[in-house]
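Engineer:
There are 2 protein chains.
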Amino acid sequence: MSAPEKFSGVLTPVITPFTADLTPDAERLIRQCKWMLLHNVGLAVFGTNSEANSLSTDEKIELMDRLVEGGIDPARMMPGTGCCALSDSVKLTEHAVKLGCGGTLMLPPFYYKGVSDDGLYANFSEIIQKVGDANLRIYLYHIPPISNVPLSLGLIERLIKEYPDTVVGVKDSGGVMENTLAMLKAGWDDFRVFAGAETFLLENMRNGGAGCISATANVNPAAIHNLYANWQSDDADALQAGLDTVRDIFQNFPMIPALKAAAAIYGDDADWCRVRPPLVALDEAQMAGLTQALHGIDFAMPGLKEAAE
Amino acid sequence: MSAPEKFSGVLTPVITPFTADLTPDAERLIRQCKWMLLHNVGLAVFGTNSEANSLSTDEKIELMDRLVEGGIDPARMMPGTGCCALSDSVKLTEHAVKLGCGGTLMLPPFYYKGVSDDGLYANFSEIIQKVGDANLRIYLYHIPPISNVPLSLGLIERLIKEYPDTVVGVKDSGGVMENTLAMLKAGWDDFRVFAGAETFLLENMRNGGAGCISATANVNPAAIHNLYANWQSDDADALQAGLDTVRDIFQNFPMIPALKAAAAIYGDDADWCRVRPPLVALDEAQMAGLTQALHGIDFAMPGLKEAAE
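The listed protein sequences correspond, in order, to chains E and Y. Numbering-wise (the numbering used here), the first sequence opens with residue 69 and increments by one. Numbering-wise (the numbering used here), the second sequence opens with residue 69 and increments by one.
(1) Confirm, please, whether the CB-CB distance from M251 of chain E to V235 of chain E is below 8 Å.
(2) In angstroms, rounded to a whole number, what distance separates the CA positions of P232 of chain Y and N275 of chain Y?
(3) Along the beta strand (DSSP E) that carries G364 of chain Y, what are the first and last residues, could you check?
(4) Quick check on A120 of chain E: buried or exposed, where buried means 16 or more other Cβ atoms within 10 Å of its Cβ?
(5) With a Cβ-Cβ cutoff of 8 Å, do A332 of chain Y and L358 of chain Y count as a contact?
(6) Can you find at least 3 beta carbon pairs, one from the stretch 346-357 of chain E and one from the stretch 297-314 of chain E, that sit closer than 8 Å?
(7) Can you grab the Cα-Cα spacing for the pair D86 of chain Y / I129 of chain Y, in whole Å?
(8) So which of E:P147, E:C152, E:Y207 and E:A291 has the shortest CA-CA distance to N108 of chain E?
(9) Spatial neighbours of A32 of chain E within its chain, please: CB distance less than 6 Å, with the 5 preceding and 5 following residues excluded, ordered by chain position.
(10) Taking the runs of the beta strand (DSSP E) that are 3 residues or longer, which of them lie wholly in the stretch 228-307 of chain Y?
(11) Which runs of the beta strand (DSSP E) spanning at least 3 residues fall entirely within the stretch 115-194 of chain Y, listed in chain order?
(12) G390 of chain Y: which of Y:Y207, Y:I98 and Y:K166 sits nearest, CA to CA?
(13) Can you name the residues that DSSP bridges to I206 of chain Y?
(14) By the criterion of Cβ-Cβ separation under 9 Å, what are the contact partners of N117 of chain Y in chain E?
(15) Do G237 of chain Y and F114 of chain Y have their beta-carbon atoms positioned less than 8 Å apart in this structure?
(16) So what does DSSP say about T313 of chain E, is it helix, strand or coil?
(17) For L111 of chain E, which of helix, strand or coil comes out of DSSP?
(18) What is the DSSP secondary structure of P92 of chain Y, reduced to helix, strand or coil?
(19) Alpha carbon to alpha carbon, how far is Y179 of chain E from D303 of chain E?
(20) Once you ignore the five residues that flank M174 of chain E on each side, which residues in its own chain have a CB closer than 8 Å to its CB?
(21) Under 7 Å Cβ-Cβ, which residues of chain Y neighbour S122 of chain E?
(22) If you follow the alpha helix (DSSP H) that L372 of chain E is in, where does it begin and where does it stop?
(23) Exposed or buried, what is P370 of chain E when buried is set at 16 or more other beta-carbons lying within 10 Å of its beta-carbon?
(24) What does a CB cutoff of less than 8 Å around S220 of chain E pick up in its chain, not counting 5 residues either side in sequence?
(25) Got a sec? Which residues, its chain only, sit under 7 Å from P35 of chain E by beta carbon, not counting five neighbours each side?
(26) Against P72 of chain Y, what residues of chain E qualify as contacts under a CB-to-CB distance less than 9 Å, listed in chain order?
(27) If you check the beta carbons only, do L111 of chain Y and I83 of chain Y fall under 8 Å apart?
(28) Return the chain-ordered list of same chain residues with a C-beta closer than 8 Å to the C-beta of L327 of chain Y, the five sequence neighbours on each side being excluded.
(29) Tell me whether D186 of chain Y counts as near the ligand FAD, meaning its Cβ is closer than 7 Å to at least one heavy atom of that ligand.
(30) Tell me whether G182 of chain E is buried or exposed, calling it buried when 16 or more other Cβ atoms sit within 10 Å of its Cβ.
(31) How is L79 of chain E classed by DSSP in three states: helix, strand or coil?
(32) Determine the contact status of S215 of chain Y and S155 of chain E, defining contact as a CB-CB distance below 8 Å.
(33) Where D339 of chain E and L307 of chain E are concerned, what is the direct C-alpha to C-alpha distance, given to the nearest angstrom?
(34) According to a CB-to-CB cut-off of less than 7 Å, which residues of the stretch 125-143 of chain E neighbour chain Y?
(35) Would you call the CB atoms of A375 of chain Y and R144 of chain Y closer than 8 Å?
(36) Report the CB separation of P72 of chain E from N203 of chain E in whole angstroms; it is logged as a contact under 8 Å.
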């Protein structure tokens, strides 16, 4: 197996479909992944918006296997493999590397709060050493609004210095562009900085960023990739404004249920609405509101319905 | 298997020992549990202070099995079985009930923040229905300072009304006595309210509480149980003050590493100091500070060293 190339471009935390008894639905997930790849969007499966932390380690391993068996190129996959338990993180990460995944997106352990950089460093370092595979590529996942466990610039730099071939990038979902800019200006050699939402895609690209890993790329993949591919063009600001219009609509609703609702509406497949507790599907009024708002901007998810057939 | 009796008294989230490669050490855990039971302290294994969320589901299942094989009475066990993933919560809870555990202490799923009571209700309800065992007894675990996902009085009441024989108690680790008092005064029939620390034990008992589930019962079990047994005595306030003196010392240090350090010092067993990342063991200066502070109050853990031999 050859060493993975570093990621760049647009990826999405692919939404995870469930059957009626709330079991992960591998077949629907394969179809969604294929539709993503068709629009040049990479697969950050098991991200926050994938309800990854509502899935067990065994469920994630089985889904990864099914995706690869289903014809998904593992080089395009950056599964989330950072768990609360060191043993889970090692097991999942090992499996992802063995499958040939291009990288893994790694949350810090997020139960204990106020932990030290030494403790977080030890966590990532132990994972890297226990996995012990030269093909491991880690993209750190900074998302303090949800994890409540931030990754400081000092911690990231320490990891890069110790493991320069392994710790190769970050997803910054902190929502604070100054932090992203500080990473871009830190002088870390070919370190891939992804914005956590397309909201910051253009600014990230103009400052040397690698792209974005965004929830709404689940529903608006082509347009987001289009800005990535054309960020140096004259109409880049207009393209960014177009993306923002779509994102604003989704942000008016609980994000994960709204993404799934859009997949249900535009894929004509109501089963997509299911979420695992503690999340709750959109209610009727929310569903109507989302439908109307998207209709108002002539939103479309071209080819989704066909992909589901 | 007969229906479990409801818990009362003092329980502790038993600290979890690790071997040099950070594997859970079942033998040391069995010894610690036996020392707890010797002092009338029940076993809330896999609590916050057990580093439960640094253990995988499979590791917890194996430890539970080893404890019971090692002679620990499962009726005295209230393992933590609430995980982020519904599938993990169901698997762990099912196993605990099959083993004959007296109850389970259940965190809400704690990754997603700002979730609704409907979503949390659905989580607990799904677990209860999927486990589907009349011997299941759930003690809800309210610990917003760490989980960041509070359990509202309305949610608890809804669960009690729907599942009166299953949802039978709560551990309130919010640190706000007014909330504990509100639970005690809610009129929930024989609902067992445990204080989350012995700090609130006397006040909890005076208001109809069931006892406490406390980290420091790992190191100070006899004295804490003594207050529980004698809360109506004339010297109850003095007993409470004595407990507070010990607790204050531990609260000056990172709690979990300090509890393990005490087990190491008084059990003459340095291996107890190990923690899993993201936690970090006490450094030399902290270790010296803790030793001195405990020496200053003539602290002891009688029989611990002998129990380890």
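Glycine residues also receive a C-beta, built at the ideal position from the N, C-alpha and C atoms.
Structural biologist: So, to answer that:
(1) Not closer than 8 Å, so no.
(2) The straight-line gap from Cα to Cα measures roughly 22 Å.
(3) Segment E352 to G364 is the alpha helix (DSSP H) holding G364 of chain Y; no beta strand (DSSP E) there.
(4) With 16 or more other Cβ atoms within 10 Å, it is buried.
(5) No, the pair does not count as a contact, with Cβ atoms beyond the cut-off.
(6) Segments in contact, no.
(7) First, the residue type needs correcting, since residue 86 of chain Y is Phe and not Asp in the sequence shown. Approximately 16 Å between the Cα atoms of the pair.
(8) For the residues E:P147, E:C152, E:Y207 and E:A291, the minimum Cα distance to N108 of chain E belongs to E:A291.
(9) Residue 32 of chain E lies beyond the range of chain E shown here (69 to 377); nothing can be said about it.
(10) Runs of the beta strand (DSSP E) lying entirely within the stretch 228-307 of chain Y, each at least 3 residues long, are 235-240, 260-263 and 279-281 in chain order.
(11) The beta strand (DSSP E) runs lying completely inside the stretch 115-194 of chain Y and spanning 3 residues or more are 172-174, given in chain order.
(12) This structure cannot speak to residue 390 of chain Y, because chain Y is shown only from 69 to 377.
(13) Note: I206 of chain Y sits in a beta bridge opposite Y:T172 and Y:V235.
(14) Within 9 Å of the CB of N117 of chain Y, no CB atom of chain E is found; the nearest one sits about 10 Å away.
(15) If you check the CB distance, F114 of chain Y and G237 of chain Y do not come in under 8 Å.
(16) Here T313 of chain E sits in helix by DSSP.
(17) Note: L111 of chain E maps to strand in three-state DSSP.
(18) DSSP places P92 of chain Y in strand when its eight states are reduced to three.
(19) Going by the C-alpha atoms only, they are around 44 Å apart.
(20) Cβ neighbours of M174 of chain E beyond the five flanking positions: G148, T149, G150, S157, T161, F192, I195, I206, Y207, L208 and Y209.
(21) Those are C152, A153, L154 and P177, listed as they occur along chain Y.
(22) Element bounds for L372 of chain E: L372 to A375.
(23) Label assigned to P370 of chain E: exposed.
(24) Only D185 meet the Cβ criterion.
(25) Since the first residue of chain E shown is 69 and the last is 377, residue 35 of chain E is not available in this structure.
(26) Residues of chain E passing the Cβ test: none, with the nearest at roughly 25 Å.
(27) No.
(28) Answer for L327 of chain Y: I83, N117, A283, T284, N286, V287 and F318, listed in chain order.
(29) This structure does not include the ligand FAD; it has no bound ligands of any sort.
(30) The residue in question, G182 of chain E, is exposed, as its Cβ has fewer than 16 Cβ neighbours within 10 Å.
(31) Here L79 of chain E sits in strand by DSSP.
(32) For S215 of chain Y and S155 of chain E, no; Cβs fall outside 8 Å.
(33) Taking the straight line from one Cα to the other gives about 32 Å.
(34) Listed by position along the chain: T125 and E127.
(35) Not closer than 8 Å, so no.
(36) Yes, P72 of chain E and N203 of chain E are in contact; Cβ-Cβ is about 6 Å, under 8 Å.
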